[in-house]
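Peer 1: Be aware that the sequence shown starts at 18, since it is given in the working numbering, and climbs by one per residue.
No residue lacks a Cβ here, since even glycine has one placed at the ideal position from N, Cα and C.
Next up is a structure, given as structure tokens.
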Amino acid sequence: MDLPVHLPALPRPARRGRQWQSNNDQPDFTDEEVLTIHVFGLIKKRTTISKIHEYKEGYFSE
18 MDLPVHLPAL
28 PRPARRGRQW
38 QSNNDQPDFT
48 DEEVLTIHVF
58 GLIKKRTTIS
68 KIHEYKEGYF
78 SE
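Pasting the structure below:
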């Protein structure tokens, strides 16, 4: 199923003088990729974060 979806580029927050509250402050993926995976997970009726992760692993595995 092809969906003509275009998400505008989201600005990255400025890091100067700020400390991230995460142990993963330099992920291998962009905010846009996270949102895309989440939206497609919901489209495929995956309603929990763990089900979306399972969907992502099955669909986007290398």
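Quick one: using the 10 Å Cβ neighbour count with 16 as the cut-off for buried, is G58 buried or exposed?
Peer 2: buried
Peer 1: Which of helix, strand or coil does DSSP assign to D45?
Peer 2: Coil, per DSSP.
Peer 1: Quick one: what's got a C-beta closer than 8 Å to R63's C-beta in the same chain, skipping five residues either side?
Peer 2: Only I69, E71 and Y72 meet the Cβ criterion.
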